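Heads up: the sequence shown begins at 1 in our numbering, then just goes up one per residue. All remarks here apply to the structure that follows.
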Amino acid sequence: WARPKSGGALEDVRADVAVALGCAKEEIALSRGATEALQALISGYNGLKPGDKVMYADLDYDSMQYAMNWLKERRGVEVIRFAIPEPATRANVLAIYAEQLKAHPTTKLLLLTHISHRTGLMLPVQEIAAMAKAAGADVILDAAHSWGQVDYKVADLGVDFVGFNLHKWIGAPLGCGCLYIKASRLADIDRHYGDEDFKADDVRSRIHTGTMNFAATLSIPTALAVHREIGPSAKEARLRHLRDRWSKPARDIKGLQILTPDDPTMAAGITSFRFAGKTTPEANNAVVNALRDQHGIMTVRRGGIAKGNAIRVTPSLFNTEADCDKLVAALRAMAAA
Numbered sequence: 001w002a003r004p005k006s007g008g009a010l011e012d013v014r015a016d017v018a019v020a021l022g023c024a025k026e027e028i029a030l031s032r033g034a035t036e037a038l039q040a041l042i043s044g045y046n047g048l049k050p051g052d053k054v055m056y057a058d059l060d061y062d063s064m065q066y067a068m069n070w071l072k073e074r075r076g077v078e079v080i081r082f083a084i085p086e087p088a089t090r091a092n093v094l095a096i097y098a099e100q101l102k103a104h105p106t107t108k109l110l111l112l113t114h115i116s117h118r119t120g121l122m123l124p125v126q127e128i129a130a131m132a133k134a135a136g137a138d139v140i141l142d143a144a145h146s147w148g149q150v151d152y153k154v155a156d157l158g159v160d161f162v163g164f165n166l167h168k169w170i171g172a173p174l175g176c177g178c179l180y181i182k183a184s185r186l187a188d189i190d191r192h193y194g195d196e197d198f199k200a201d202d203v204r205s206r207i208h209t210g211t212m213n214f215a216a217t218l219s220i221p222t223a224l225a226v227h228r229e230i231g232p233s234a235k236e237a238r239l240r241h242l243r244d245r246w247s248k249p250a251r252d253i254k255g256l257q258i259l260t261p262d263d264p265t266m267a268a269g270i271t272s273f274r275f276a277g278k279t280t281p282e283a284n285n286a287v288v289n290a291l292r293d294q295h296g297i298m299t300v301r302r303g304g305i306a307k308g309n310a311i312r313v314t315p316s317l318f319n320t321e322a323d324c325d326k327l328v329a330a331l332r333a334m335a336a337a
C-alpha cells in the first residue's frame, strides 16, 4: 500500500493542513517538525548579501539561533542578538524591537518566535512584522508552540515565512510539521539543496525531507479533526483559564517571580517562573525535581533566558483546576521552606 498510494494520501494531508491554516495548499510543504521547516527557511532565504544584518532575541529557540548564527558563515552577514525585557510587557517588547531595528538599519532578516518555549511569552507578531517591513527587513516566524494553543489563521500573522509543529498543540504524533511560504514570496527561498524532485515553482522544492514517517503523517487529518471538534477557540480559552488559575494567585507568593505577563495579548497557556535569586540550571533542576518527586507535578527547566534559568509550566486540556491549585499550594510550601 505505502509505495503506490502514500504519495496521493500525503497530498490529501497537505490539503487538510492548508485548510486548517487558512491558506492555499500550494503555500504548504510538510516537514518532520518546526525545526526542520525553520532551518530550511532560514538557510534558504536568499535576500542577504555580505554586510547585511540578521537579528534574533534570547527567547528564540536554540536551533533557530544556531541557524541564524550560521548565516554569518553562509551569507557573510552580521548577527545581532538582544534580550527581551524582563518583566515583559506589550509596551517594552514593542519598544525593544523598534529600538533594535533603528539601531541596526541594515537588518534584512528578523527571527520571531510567536510563543516562546522558554517563558511562554507571546509576541505581538503582526505589529513587529509591520515594523520590520517598514524598516526593510523580512520576518521568519517560529510558530512551533502557537498553532493549536492559540486560535488564528496564518494570514492573521502578517508574516510571509512560517514554520509550524503539528505534534504539539494540534496533537499529531512526533515528527509532524510544515512550512508556509506566501505564494508571492516563493522565489525568496532557495530550493533545498537544489532539489529537483519538484519544479522550481513548487513550494515542496523548498524542503527535502527524505523518507517521512508516512504512518505518523497520515494521522494528521485525524488530529485536525479532533482539534476542530473541540474547537480552536475553546482550546485556547481552556488553556488560558488553567494558566490563570495557578499563575495569578502565584504572583502573591513572596520570592516567586512569574516571568510571563497576564496581558492576554502576551500570553496563552504556557507560563514560566523562578524563585528569586535561583537562576542557575542546578537551582532550577532542584525545584523541578521537588515538584515532581514530592508533589507529583511535572514541569521543565528552561535555560537561555538572559536573566537566568526558569521553570516552565505547560497545562494541557486534560488538566483540572485542582491540578492548578495543587501547584499553587506546592509553590507556597516551597517558598516558605
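The beta carbon of each residue, even a glycine, is placed where N, CA and C say it ideally should be. Just so we're clear, the structure is a prediction, and the values are computed from it rather than from any experiment.
Compute the distance between the beta-carbons of His104 and Met68, then report whether it is under 8 Å.
-> The sequence position of residue 104 within the sequence shown is 104, counting from 1. The sequence position of residue 68 within the sequence shown is 68, counting from 1. No, the Cβ-Cβ distance between His104 and Met68 is not below 8 Å.
For Gly277, the nearest candidate out of Ala268, Met266 and Gln257 (CA to CA) | Taking the sequence shown and counting its residues from 1, the one referred to as residue 277 is at position 277. Residue Gln257 is the option with its Cα nearest to Gly277.
Inter-residue spacing [alpha-carbon to alpha-carbon] between Lys25 and Leu179 = Taking the first residue of the sequence shown as 1, we reach residue 25 at position 25. Taking the first residue of the sequence shown as 1, we reach residue 179 at position 179. Cα to Cα, Lys25 sits roughly 11 Å from Leu179.
CB Arg243 to CB Ala267, shorter than 8 Å?
-> Position 243 of the sequence shown, counted from the start, is the residue given in the question as residue 243. Position 267 of the sequence shown, counted from the start, is the residue given in the question as residue 267. Yes, the pair counts as a contact, with Cβ atoms nearer than the cut-off.
In whole angstroms, what is the alpha-carbon distance linking Val313 and Trp147?
-> Taking the first residue of the sequence shown as position 1, residue 313 is located at position 313. Taking the first residue of the sequence shown as position 1, residue 147 is located at position 147. Computed Cα separation, rounded: 18 Å.
Cβ neighbour criterion (16 or more within 10 Å) applied to Val226 = As a working note, residue 226 is residue 226 in the sequence shown. Label assigned to Val226: exposed.
C-beta contact flag for Lys108 and Ala137 at 8 Å | To locate residue 108, count along the sequence shown from 1; it is residue 108. To locate residue 137, count along the sequence shown from 1; it is residue 137. Cβ atoms of Lys108 and Ala137: closer than 8 Å.
Within the same chain, show all residues whose beta-carbon is closer than 6 Å to that of Ile253, passing over the 5 residues directly before and after it, in chain order.
-> One-based indexing of the sequence shown puts residue 253 at position 253. Contacts found: Leu331, Arg332 and Ala335.
Pick helix, strand or coil for Asn165, following the three-state DSSP scheme.
-> For the purposes of this step, residue 165 is identified with residue 165 of the sequence shown, where counting begins at 1. Of the three classes helix, strand and coil, the one that applies to Asn165 here is strand, per DSSP.
Look up Thr35 in the DSSP assignment and say whether it is helix, strand or coil.
-> Here residue 35 is taken as the residue at index 35 of the sequence shown, counted from 1. Helix.
In the DSSP assignment, what are the bridge partners of Ser300?
-> For the purposes of this step, residue 300 is taken as residue 300 along the sequence shown, with counting starting at 1. Note on residue identity: the sequence assigns Val, not Ser, to residue 300. Beta-bridge pairing links Val300 to Arg312.
Looking at C-alpha atoms only, which residue of Ala306, Leu166, Glu321 and Arg240 is the closest neighbour of Leu37?
-> Mapped onto the sequence shown, residue 37 falls at position 37. Per the sequence shown, the amino acid found at residue 37 is Ala instead of Leu. Measuring from the Cα of Ala37, the nearest candidate turns out to be Leu166.
Roughly how many angstroms separate the alpha carbons of Gln294 and Val288, rounded to a whole number?
-> Translated into the one-based positions of the sequence shown, residue 294 becomes position 294. Translated into the one-based positions of the sequence shown, residue 288 becomes position 288. Answer to the nearest angstrom: the Cα atoms are 10 Å apart.
Expressed to the nearest angstrom, what Euclidean distance is found between the alpha-carbon atoms of Pro124 and Pro261?
-> Within the sequence shown, numbered from 1, the residue matching residue 124 stands at position 124. Within the sequence shown, numbered from 1, the residue matching residue 261 stands at position 261. In a straight line, the C-alpha of Pro124 is about 13 Å away from that of Pro261.
Would you please state the rounded distance, in angstroms, between the beta carbons of Gly22 and Lys153? I believe it to be under 8 Å.
-> For the purposes of this step, residue 22 is taken as the residue at position 22 of the sequence shown. For the purposes of this step, residue 153 is taken as the residue at position 153 of the sequence shown. The Cβ separation is near 3 Å, so the contact holds.
Starting from the Cα of Ala144, find the closest Cα among Met131, Leu101, Cys176 and Glu127 and give me that residue.
-> As a working mapping, residue 144 is identified with position 144 in the sequence shown. For Ala144, the nearest C-alpha among the options comes from Cys176.
Give the secondary structure of Tyr180 by DSSP, where H, G and I count as helix, E and B as strand, and everything else as coil.
-> To locate residue 180, count along the sequence shown from 1; it is residue 180. Note: Tyr180 maps to strand in three-state DSSP.
Specify, as a first and last residue, the run of the alpha helix (DSSP H) that Glu78 falls within.
-> Here residue 78 refers to the residue found at position 78 of the sequence shown. Glu78 -> not in any alpha helix (DSSP H); beta strand (DSSP E) instead, spanning Glu78 to Phe82.
Among all the DSSP beta bridges, which residues are the ones paired with Phe53?
-> Working through the sequence shown from its first residue, we reach residue 53 at position 53. The question names Phe, but residue 53 is Lys in the sequence shown. The partner list for Lys53 (beta bridge, DSSP) reads Glu78 and Thr107.
For the candidate residues Thr271, Ile84 and Trp246, whose alpha-carbon lies nearest to that of Ala329?
-> Position 329 of the sequence shown, counted from the start, is the residue given in the question as residue 329. Taking only the C-alpha atoms, the option nearest Ala329 is Trp246.
Taking 8 Å as the cut-off, decide whether the C-beta atoms of Asp142 and Asp60 are in contact.
-> Taking the sequence shown and counting its residues from 1, the one referred to as residue 142 is at position 142. Taking the sequence shown and counting its residues from 1, the one referred to as residue 60 is at position 60. A contact, by the Cβ cut-off of 8 Å.
Helix, strand or coil for Gln257 per DSSP?
-> In the sequence shown, residue 257 corresponds to position 257, counting from 1. Three-state result, Gln257: strand.
Based on the DSSP secondary-structure assignment, which residues constitute the bridge partners of Val139?
-> Numbered from 1 along the sequence shown, position 139 holds the residue referred to as residue 139. Per DSSP, Leu110.
Whole-angstrom distance between Thr113 and Leu41, CA atom to CA atom | Along the sequence shown, one-based indexing puts residue 41 at 41. Along the sequence shown, one-based indexing puts residue 113 at 113. Going from the Cα of Leu41 to the Cα of Thr113 covers about 14 Å.
Given 8 Å, three or more beta-carbon pairs between the stretch 9 to 19 and the stretch 214 to 225 = yes
Out of curiosity, what's the CA-to-CA distance linking Lys168 and Glu99?
-> As a working mapping, residue 168 is identified with position 168 in the sequence shown. As a working mapping, residue 99 is identified with position 99 in the sequence shown. Their backbone Cα atoms lie some 33 Å apart in a straight line.
Among Pro50, Phe273 and Ala286, the one whose alpha carbon lies nearest that of Ala88 = Your numbering for residue 88 matches position 88 in the sequence shown. The shortest Cα separation from Ala88 among Pro50, Phe273 and Ala286 belongs to Phe273.
For Ile80, which residues of its own chain have a beta-carbon under 6 Å away from its beta-carbon, when the five flanking residues on both sides are left out?
-> Mapped onto the sequence shown, residue 80 falls at position 80. Taken in chain order, the residues that qualify are Lys53, Met55 and His104.
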